[in-house]
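A.B. asks: Here it is: the structure, laid out below.
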Amino acid sequence: MNAIKNAITIACFMGIITAITDMLAPSGGMKKHLMSLLGLMTLLAVISPFASSGFKLSLKEVDISSEIELEKSYTQADVTGIFLDEAKSRCDEYFTDLLNKNDISKAKVSTKLALTEDNEVEITAVEVILTDETKAEEVQRLISAEVGEAEIIIGKAEDEKADSTVGG
Numbered sequence: 001m002n003a004i005k006n007a008i009t010i011a012c013f014m015g016i017i018t019a020i021t022d023m024l025a026p027s028g029g030m031k032k033h034l035m036s037l038l039g040l041m042t043l044l045a046v047i048s049p050f051a052s053s054g055f056k057l058s059l060k061e062v063d064i065s066s067e068i069e070l071e072k073s074y075t076q077a078d079v080t081g082i083f084l085d086e087a088k089s090r091c092d093e094y095f096t097d098l099l100n101k102n103d104i105s106k107a108k109v110s111t112k113l114a115l116t117e118d119n120e121v122e123i124t125a126v127e128v129i130l131t132d133e134t135k136a137e138e139v140q141r142l143i144s145a146e147v148g149e150a151e152i153i154i155g156k157a158e159d160e161k162a163d164s165t166v167g168g
């Protein structure tokens with residue numbers, strides 16, 4: 001505690017001396033060198049109370065391995081999340097295009113993905129919301145041909161006009 005008090009006192013004193021020297025010194029190259037010298041003296045003066053009181057900083061006492069592992073896991077989770085979001089949007093777009101090519105328009109597709117142990121993307125489920133339920137079997141056939149054993153959920157879109165007239 002005493003070392004910190006001494007360091008603050010010396011820093012204040014050196015700050016005052018530096019300010020006075022800055023005002024009195026002539027401008028030019030000499031002033032630049034003088035300020036560099038005073039800055040170095042201030043740095044040494046602030047460090048000296050810690051060095052004289054036996055202040056030691058040892059990296060052997062600091063264990064940062066757990067923090068590194070935590071940061072590594074956060075980074076891995078961020079990368080995985082970004083990768084899965086990008087893959088999901090591409091799968092959604094692919095299935096929407098597939099349905100549009102087969103004359104099934106206005107369908108909303110949502111794909112659920114998972115990352116395997118081998119870092120491969122696996123489609124776990126595909127949810128399709130249709131405006132026309134008569135094409136449900138065709139949608140089932142088209143998507144099951146692409147995804148194999150993944151779960152396929154087909155639903156009907158809610159009627160927006162009915163929702164808006166319920167309250168009024």
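To convert, note that position 31 of the sequence shown is 31 in UniProt numbering; the numbers rise steadily by one, no gaps.
Cβ coordinates follow ideal geometry from the N, Cα and C atoms, glycine included.
Helix, strand or coil for Ile-129? Go by DSSP, reduced to three states.
C.D. replies: Reading the sequence shown from its first residue, position 129 is the one you call residue 129. Looking at Ile-129 - three-state DSSP - the assignment turns out to be strand.
A.B. asks: So is Lys-135 buried or exposed if we call it buried at 16+ other beta carbons inside 10 Å?
C.D. replies: Along the sequence shown, one-based indexing puts residue 135 at 135. So Lys-135 ends up on the buried side.
A.B. asks: For Asn-119, which option in Val-79, Leu-70, Met-41 has the closest C-alpha, if you only look at C-alpha atoms?
C.D. replies: Mapped onto the sequence shown, residue 119 falls at position 119. The option with the nearest alpha carbon to Asn-119 is Val-79.
A.B. asks: In whole angstroms, what separates the C-alpha of Ser-105 from that of Leu-99?
C.D. replies: Mapped onto the sequence shown, residue 105 falls at position 105. Mapped onto the sequence shown, residue 99 falls at position 99. Whole-angstrom Cα-Cα distance: 7 Å.
A.B. asks: When the distance is taken between beta carbons, is Leu-70 closer than 8 Å to Lys-88?
C.D. replies: Reading the sequence shown from its first residue, position 88 is the one you call residue 88. Reading the sequence shown from its first residue, position 70 is the one you call residue 70. No, the pair does not count as a contact, with Cβ atoms beyond the cut-off.
A.B. asks: Tell me whether the beta-carbon of Val-121 lies closer than 8 Å to the beta-carbon of Val-109.
C.D. replies: Here residue 121 is taken as the residue at index 121 of the sequence shown, counted from 1. Here residue 109 is taken as the residue at index 109 of the sequence shown, counted from 1. Not closer than 8 Å, so no.
A.B. asks: Could you tell me whether the Cβ atoms of Thr-111 and Glu-151 are closer together than 8 Å?
C.D. replies: Walking along the sequence shown from the start, residue 111 turns up at place 111. Walking along the sequence shown from the start, residue 151 turns up at place 151. Result no, Cβ atoms of Thr-111 and Glu-151 do not sit closer than 8 Å.
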